[in-house]
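As structure tokens, the structure follows; a few thoughts come after it.
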Amino acid sequence: MVGSRPRPHDCRVDILGIARWQFGITTVYHFLMVPLTIGLSVLVAVMQTAWVRTGDRKYLAMTKFWGKLLLINFAMGVVTGLVQEFQFGMNWSAYSRFVGDVFGAPLAMEGLLAFFVESTFLGLWIFGWDRLPRQVHLGCVWAFSLASIVSAYFILAANSWMQHPVGVELVNGRPRLTSVWAVLSNPTLLAALPHTVAGCFAVSATFLVGIAAWQIARRRDRHEAMWRASLKLGAWVGVLAFAALAYSGDTQGKLMFQQQPMKMAAAEALCHTEQPAAFSVFAYGNVAKPNCESVKSLEVPYVLSFLATGSFSSRVEGVQDLIPQYQAKYGANYPNDPALGSLAGKPIDYVPDLPVTYWGFRLMIGFGAVAALAALGALWLVRRGRFPKTKWFPRAAVLAIATPYLANAFGWIFTEMGLQPWVVAPNPTGVDGVWLYTAEAVSSGVTTGEALTSVIALTTVYAVLAVIEIVLMVRYVRAGADDVSRDEPADDVLTFAY
Amino acid sequence: MDLPTFWFTVVALFWVGFLFLEGFDFGVGMLLPILGRDEVRRRVLINTIGPVWDGNEVWLVVAAGATFAAFPAWYAGLFSGAYLPLLALLLALIGRGVAFEYRGKIDTDRWRRTWDRVITTASWVAALMVGIVVATTVLGLPLDPAGDRIGGPFSSLRPVVLLGGLAVAGFALLHGSVFVTLKTEGDIHDRARRFGLRVAPIAAAPIVALLLVVQLTEGHGWTWVPLAVAVAAIAGAVARLRADRDGQAFALLGVAVVALGTTLFGALYPDVLPSTVNAANSLTVHGAASAHYTLVVMTWVAAFGAPAVLVYQSWTYWVFRRRISTSHIPAAH
Numbered sequence: 170m171v172g173s174r175p176r177p178h179d180c181r182v183d184i185l186g187i188a189r190w191q192f193g194i195t196t197v198y199h200f201l202m203v204p205l206t207i208g209l210s211v212l213v214a215v216m217q218t219a220w221v222r223t224g225d226r227k228y229l230a231m232t233k234f235w236g237k238l239l240l241i242n243f244a245m246g247v248v249t250g251l252v253q254e255f256q257f258g259m260n261w262s263a264y265s266r267f268v269g270d271v272f273g274a275p276l277a278m279e280g281l282l283a284f285f286v287e288s289t290f291l292g293l294w295i296f297g298w299d300r301l302p303r304q305v306h307l308g309c310v311w312a313f314s315l316a317s318i319v320s321a322y323f324i325l326a327a328n329s330w331m332q333h334p335v336g337v338e339l340v341n342g343r344p345r346l347t348s349v350w351a352v353l354s355n356p357t358l359l360a361a362l363p364h365t366v367a368g369c370f371a372v373s374a375t376f377l378v379g380i381a382a383w384q385i386a387r388r389r390d391r392h393e394a395m396w397r398a399s400l401k402l403g404a405w406v407g408v409l410a411f412a413a414l415a416y417s418g419d420t421q422g423k424l425m426f427q428q429q430p431m432k433m434a435a436a437e438a439l440c441h442t443e444q445p446a447a448f449s450v451f452a453y454g455n456v457a458k459p460n461c462e463s464v465k466s467l468e469v470p471y472v473l474s475f476l477a478t479g480s481f482s483s484r485v486e487g488v489q490d491l492i493p494q495y496q497a498k499y500g501a502n503y504p505n506d507p508a509l510g511s512l513a514g515k516p517i518d519y520v521p522d523l524p525v526t527y528w529g530f531r532l533m534i535g536f537g538a539v540a541a542l543a544a545l546g547a548l549w550l551v552r553r554g555r556f557p558k559t560k561w562f563p564r565a566a567v568l569a570i571a572t573p574y575l576a577n578a579f580g581w582i583f584t585e586m587g588l589q590p591w592v593v594a595p596n597p598t599g600v601d602g603v604w605l606y607t608a609e610a611v612s613s614g615v616t617t618g619e620a621l622t623s624v625i626a627l628t629t630v631y632a633v634l635a636v637i638e639i640v641l642m643v644r645y646v647r648a649g650a651d652d653v654s655r656d657e658p659a660d661d662v663l664t665f666a667y
Numbered sequence: 005m006d007l008p009t010f011w012f013t014v015v016a017l018f019w020v021g022f023l024f025l026e027g028f029d030f031g032v033g034m035l036l037p038i039l040g041r042d043e044v045r046r047r048v049l050i051n052t053i054g055p056v057w058d059g060n061e062v063w064l065v066v067a068a069g070a071t072f073a074a075f076p077a078w079y080a081g082l083f084s085g086a087y088l089p090l091l092a093l094l095l096a097l098i099g100r101g102v103a104f105e106y107r108g109k110i111d112t113d114r115w116r117r118t119w120d121r122v123i124t125t126a127s128w129v130a131a132l133m134v135g136i137v138v139a140t141t142v143l144g145l146p147l148d149p150a151g152d153r154i155g156g157p158f159s160s161l162r163p164v165v166l167l168g169g170l171a172v173a174g175f176a177l178l179h180g181s182v183f184v185t186l187k188t189e190g191d192i193h194d195r196a197r198r199f200g201l202r203v204a205p206i207a208a209a210p211i212v213a214l215l216l217v218v219q220l221t222e223g224h225g226w227t228w229v230p231l232a233v234a235v236a237a238i239a240g241a242v243a244r245l246r247a248d249r250d251g252q253a254f255a256l257l258g259v260a261v262v263a264l265g266t267t268l269f270g271a272l273y274p275d276v277l278p279s280t281v282n283a284a285n286s287l288t289v290h291g292a293a294s295a296h297y298t299l300v301v302m303t304w305v306a307a308f309g310a311p312a313v314l315v316y317q318s319w320t321y322w323v324f325r326r327r328i329s330t331s332h333i334p335a336a337h
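Sequence order for the protein chains is A and B.
Our numbering applies: residue 170 is where the first sequence begins, and numbers increase by one.
Our numbering applies: residue 5 is where the second sequence begins, and numbers increase by one.
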């Protein structure tokens, strides 16, 4: 090194912690915005299609009302997505260098093939109400909403490769792409995509149900038909989404058992191998203790075996039995690389943070189940023109809006914390050596001060924006539906303009 | 031309596209307090870019994504090296994007004035930071042999790099004035034109200074040509603006930004990120590139995707081609 002071080795661990917190905060936050954008944009496209095909103004009112909420939310999804793309280079430069041959491609494809379409056609949709023929304008909202799903596909392709690296060979210690088709048809991706997209529709479904039920209950405006249609649409989408979530989640669990056995054991905080293995519904005590003696757990026999393999009698390996296998396969200690700072040469802890994975997994399923019950309940309670005259129904429906959000957040927290200590987990049937520890992934040249400035600034701005978004959402929900009984404004006035 | 050089050109083109399109978006934001003396006029200004600013910003997303995919070491070195400018850029883009969407959502003056301030400040910051990031990659930063920045957070912010910030801010100011002149009618059109003419010398000075610094420190013989074209095109744009031919002025600024990008990235080639402490540590087009197969895949993606983007973005500009005036703005909502 020429003319440089030595690297601040001691700060490496600090930066690692800060960079991980930033990634966690910004990702969970980004994924509060994304699901509503994806799900609601498709539903708004459905509403607008119904209006164009039937001419029923109820559907126009729905399109405009839900469309406004979609736009309030979309802005936040876009700007928080920029942070996601940039922070790989800023905080995780070693990671970016290691995986760049593979990982950058799906991100670039997302921008070029999906995000461009989304942003351009959203602009056309917002400003094109009186500029475009009806069918073309309808096409814009469909282009926008379908592109948002294509976006999700490419982003999940990148994420799935970190969970299950495929389509590469190892050249000079770095993975080199050999088959882009393998990356784009990764079984992990094909299972994650339906699960994630169904999670998006679940969010949008309870959003529709909650707000529509509240609108009907307060009976402030003349649009009951539109709120009813919204509620029914939301409840049906919800029921379908939750069925898809359960099915795709089961597929993912079975893949995870093959691809990341430690994550499966961590999901259960399963200390010792069991055959047949029981599913723990609830535990009392510290699940992180190396031996599970202090933990009292409410268990359902055979169920974990079934979740892992599809057979009720199969063997599921526990954390304590997997540790020696991982040590034998991937080494007991971190490499003696000074770039690793105080972790250099230290033993590798192969066990994810068990309380986080155990409870994250349960909270994901639990909140998802509550949301599913809410959708089913709503469908039953409003059957054939009924509407319960109780005070609790609209309140419960509004509260239920939060549940799929929480389920999504805990799902991501589980899957990313369960990936630790890896940032690229080894593929048991893949190429030997294609893996990376999170501790090795962080930027070398970045100082603690920079990383800290970044996480504080972003968290503060995100917190302020969250308050503003919620205030605006509540305001626009309270304002109710626009009056669409007259024709659209004259041609020289802009609609939906800023 | 081999594939790494081709992709270097593609990345440079995405930066040029971004500067051309988002340049006037930034400019409109920066001009908001200058040209928008009342609420209706401010709304006219914002609505000139309303349908397009978000699509324009994707050029930056794709410039960054293409850099990551085709030159991982460049992406890693530049983004971790220019950390604070990129953080400021992110915060500015967050503020701007949200402000456009939210300023009209509550009908009070205080609410709108707050967001107007966010738009103006964030547009200035974003333009300055984009310029600093581009100048950082062209003029280099202290890199160690691993391609990591050394010397702490401010070691990359040399005065010549800060000049890059002023150059892009100056360009955005001029480009924004010409764009508003082109897209509006009535008194905003006249005021924008007059302001553009007045600000042109101040705006052009840092651009010319940056071009000369880059040319004299690392330029090749042939890069004098695009440099001369860039300077001539800016002068021509100002002359056409004076003649009230705003369309031609806008087109000439397009020529200027292409020539500007050609000079900067042409001078940079065959490096992508020079090291200011030791030339041996500089990242080069061939050293930083992804493997052949990845570049082939990305070439197919770009061959399919990029023309489609040009077609539907051009169509957007065609749909919203009409000039806007105060009579087009509806009542507050």
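For each residue, glycine too, the CB sits at the ideal point set by N, CA and C.
Is it true that the CB of A/Met433 sits closer than 8 Å to the CB of A/Ala381? For the purposes of this step, residue 381 of chain A is identified with residue 212 of the first sequence, where counting begins at 1. For the purposes of this step, residue 433 of chain A is identified with residue 264 of the first sequence, where counting begins at 1. No.
Beta-carbon within less than 7 Å of A/Ala263's beta-carbon, same chain only, minus the 5 sequence neighbours each way: which residues are those? By 1-based counting over the first sequence, the position of residue 263 of chain A is 94. Closer than 7 Å at the Cβ level, and outside the excluded window around A/Ala263, lie Glu609, Ala610, Val611, Ser612 and Ser613.
Under three-state DSSP, which class holds B/Leu287? By one-based count along the second sequence, residue 287 of chain B stands at place 283. B/Leu287 sits in a strand when the DSSP states are folded into three classes.
Can you check which of these residues, B/Thr330, B/Val323 and B/Phe30, is closest to B/Asp191 by C-alpha distance? For the purposes of this step, residue 191 of chain B is taken as the residue at position 187 of the second sequence. Distance from the Cα of B/Asp191 is smallest, within the candidate group B/Thr330, B/Val323 and B/Phe30, for B/Thr330.
Just the Cα atoms here: how many angstroms apart are A/Pro334 and A/Leu512? To locate residue 334 of chain A, count along the first sequence from 1; it is residue 165. To locate residue 512 of chain A, count along the first sequence from 1; it is residue 343. Their backbone Cα atoms lie some 25 Å apart in a straight line.
Which residues in chain B sit within 8 Å of A/Asp518, going by Cβ to Cβ distance? If you number the first sequence from 1, residue 518 of chain A lands on position 349. Below the 8 Å Cβ cutoff, chain B contributes no neighbours of A/Asp518, its closest Cβ being approximately 26 Å away.
Straight-line gap, A/Val286 to A/Leu359 (C-alpha atoms, nearest Å): Position 117 of the first sequence, counting from 1, holds the residue named residue 286 of chain A. Position 190 of the first sequence, counting from 1, holds the residue named residue 359 of chain A. As the crow flies, the alpha-carbon of A/Val286 is around 23 Å from that of A/Leu359.
Of all Cβ atoms in chain A, is any one closer than 8 Å to the Cβ of B/Tyr321? The count along the second sequence starts at 1 and reaches residue 321 of chain B at position 317. Residue contact check for B/Tyr321 against chain A: no CB pair falls below 8 Å.
Of the residues A/Val643, A/Leu339, A/Val310 and A/Thr420, which one's Cα is nearest the Cα of A/Gln217? Against the first sequence, residue 217 of chain A aligns to sequence position 48. Minimum Cα-Cα distance from A/Gln217 among the listed residues A/Val643, A/Leu339, A/Val310 and A/Thr420 corresponds to A/Val310.
Opening and closing residue of the beta strand (DSSP E) in which A/Pro344 lies: Working through the first sequence from its first residue, we reach residue 344 of chain A at position 175. In the DSSP annotation of this structure, the continuous segment of the beta strand (DSSP E) that includes A/Pro344 starts and ends at Arg343 to Leu346.
As a quick exercise: from A/Trp220, A/Ala571, A/Asp651 and A/Gly273, pick the residue whose alpha carbon is nearest that of A/Leu325. The sequence position of residue 325 of chain A within the first sequence is 156, counting from 1. Across the set A/Trp220, A/Ala571, A/Asp651 and A/Gly273, the C-alpha of A/Gly273 shows the shortest separation from the C-alpha of A/Leu325.
Cβ closer than 8 Å: which chain A residues qualify as neighbours of B/Ile50? For the purposes of this step, residue 50 of chain B is taken as the residue at position 46 of the second sequence. What B/Ile50 touches in chain A, judged by beta-carbon distance under 8 Å, is Tyr667, going in chain order.
Short of 8 Å Cβ to Cβ, which residues in the segment 134 to 162 of chain B face chain A? Answer set for the segment 134 to 162 of chain B: Pro146, Asp148, Pro149, Ala150, Gly151, Asp152, Arg153, Ile154, Gly155, Gly156 and Pro157.
Between the Cα of A/Gly403 and the Cα atoms of A/Ala541, A/Val248, A/Asn242 and A/Val592, which residue gives the shortest distance? Taking the first sequence and counting its residues from 1, the one referred to as residue 403 of chain A is at position 234. Checking every option, the nearest Cα to that of A/Gly403 belongs to A/Ala541.
Could you list the residues in the segment 231 to 260 of chain A with a C-beta less than 9 Å from some C-beta on chain B, going in chain order? If the cut-off is 9 Å between Cβ atoms, the segment 231 to 260 of chain A has Lys237, Leu240, Ile241, Phe243, Ala244, Met245, Val247, Val248, Thr249, Gly250, Leu251, Val252, Glu254, Phe255, Gln256, Phe257, Gly258, Met259 and Asn260 near chain B.
Expressed to the nearest angstrom, what Euclidean distance is found between the alpha-carbon atoms of A/His178 and A/Pro507? The residue labelled residue 178 of chain A in the question sits at position 9 within the first sequence. The residue labelled residue 507 of chain A in the question sits at position 338 within the first sequence. Residue placement at A/His178 is flagged as unreliable, the pLDDT there being 46, under the threshold of 50; the coordinate-derived value follows with that caveat. Their backbone Cα atoms lie some 7 Å apart in a straight line.
Evaluate contact between the segment 10 to 23 of chain B and the segment 263 to 273 of chain B, counting only Cβ atoms and requiring at least three cross-stretch pairs below 8 Å. Under the three-pair Cβ rule at 8 Å, the segment 10 to 23 of chain B counts as touching the segment 263 to 273 of chain B.
Among A/Tyr503, A/Pro524 and A/Thr526, which residue has its Cα nearest to the Cα of A/Lys515? What you label residue 515 of chain A is simply residue 346 of the first sequence in a count that begins at 1. The candidate whose alpha carbon is nearest that of A/Lys515 is A/Tyr503.
Does any CB atom of chain B fall closer than 8 Å to the CB of A/Asp179? The count along the first sequence starts at 1 and reaches residue 179 of chain A at position 10. Reliability fails at A/Asp179, whose pLDDT of 49 lies under 50, so the model's placement of it is uncertain and the value that follows must be treated cautiously. Contact with chain B is absent for A/Asp179, since none of that chain's Cβ atoms lies less than 8 Å from the residue's Cβ.
The segment 612 to 633 of chain A: positions lying closer than 8 Å to chain B by Cβ: Going along the segment 612 to 633 of chain A in chain order, one finds Ser612, Ser613, Gly614, Val615, Thr616, Gly618, Glu619, Thr622, Ser623, Ala626, Leu627 and Val630 with a Cβ nearer than 8 Å to chain B.
Using a Cβ-Cβ cut-off of 8 Å, state whether B/Val184 counts as contacting chain A. By 1-based counting over the second sequence, the position of residue 184 of chain B is 180. With respect to chain A, the C-beta atom of B/Val184 has no partner C-beta closer than 8 Å.
Does A/Lys432 come out as helix, strand or coil in the three-state DSSP assignment? In the first sequence, residue 432 of chain A corresponds to position 263, counting from 1. Reduced to three states, the DSSP call for A/Lys432 is helix.
Is the separation between the beta-carbon of A/Pro595 and that of A/Tyr499 shorter than 8 Å? Counting from one through the first sequence, the residue named residue 595 of chain A turns up at place 426. Counting from one through the first sequence, the residue named residue 499 of chain A turns up at place 330. Yes, these two residues count as a Cβ contact at 8 Å.
Just to make sure I have the definition right: I need the residues of chain B whose C-beta is within less than 7 Å of the C-beta of A/Thr347. Which are they? Taking the first sequence and counting its residues from 1, one reaches residue 347 of chain A at position 178. Within 7 Å Cβ-Cβ: Tyr297.
Which value, in whole angstroms, describes the spacing of the CA atoms of B/Arg326 and B/Lys187? Sequence index remark: in the second sequence, residue 326 of chain B carries index 322 (1-based). Sequence index remark: in the second sequence, residue 187 of chain B carries index 183 (1-based). Cα atoms of B/Arg326 and B/Lys187: separation of roughly 7 Å, rounded to the nearest angstrom.
At a CB-CB cut-off below 7 Å, which residues of chain B make contact with A/Met278? One-based indexing of the first sequence puts residue 278 of chain A at position 109. The answer, in chain order, is Val305.
Thinking B/Met34 and B/Leu177 are a contact (beta carbons under 8 Å), I'd like their distance in whole angstroms, please. The residue you call residue 34 of chain B lines up with position 30 of the second sequence. The residue you call residue 177 of chain B lines up with position 173 of the second sequence. Confirmed, about 6 Å.
Taking Cβ-Cβ distances shorter than 8 Å, what residues in chain B pair up with A/Ser288? As a working note, residue 288 of chain A is residue 119 in the first sequence. Near A/Ser288 (Cβ distances below 8 Å), the residues of chain B are Asp58, Gly59, Glu61 and Val62.
For B/Thr30, which residues in chain A fall below 8 Å Cβ to Cβ? For this step, residue 30 of chain B is matched to residue 26 along the second sequence. It is Phe, not Thr, that sits at residue 30 of chain B in the sequence shown. Near B/Phe30 there are no residues of chain A at all, since even the closest Cβ is about 15 Å away, more than 8 Å.
Under 9 Å by beta carbon: chain B residues contacting A/Arg303: As a first step, residue 303 of chain A is located in the first sequence; it is residue number 134 there, counting from the start. For A/Arg303, no chain B residue has a C-beta closer than 9 Å to its own C-beta; the minimum C-beta separation is roughly 14 Å.
Length of the line joining the Cα atoms of A/Val352 and A/Pro275: Numbered from 1 along the first sequence, position 183 holds the residue referred to as residue 352 of chain A. Numbered from 1 along the first sequence, position 106 holds the residue referred to as residue 275 of chain A. Answer to the nearest angstrom: the Cα atoms are 9 Å apart.
By Cβ distance, which residues of its chain are closer than 8 Å to A/Lys465, with the 5 residues on each side in sequence left out? Residue 465 of chain A sits at position 296 when you count from the first residue of the first sequence. Here the set comprises Ala452, Tyr453 and Gly454.
Would B/Ala139 and B/Gly168 be called neighbours here (beta carbons separated by less than 8 Å)? Start at 1 with the first residue of the second sequence, and residue 139 of chain B comes out as number 135. Start at 1 with the first residue of the second sequence, and residue 168 of chain B comes out as number 164. Contact flag set, yes.
Status (buried if at least 16 other CB within 10 Å, exposed otherwise) for B/Ser181: The residue labelled residue 181 of chain B in the question sits at position 177 within the second sequence. Buried, since its Cβ has 16 or more Cβ neighbours within 10 Å.
Cβ neighbours of B/Val48 in the same chain (closer than 8 Å, five flanking residues each side left out): Taking the first residue of the second sequence as position 1, residue 48 of chain B is located at position 44. Here the set comprises Gly40, Thr188, Ile192, Ile328, Ser329, Thr330, His332 and Ile333.
Considering only C-alpha positions, which residue in the set B/Arg153, B/Ala284 and B/Phe104 is nearest to A/Glu619? Within the first sequence, the letter at position 450 stands for residue 619 of chain A. For the residues B/Arg153, B/Ala284 and B/Phe104, the minimum Cα distance to A/Glu619 belongs to B/Arg153.
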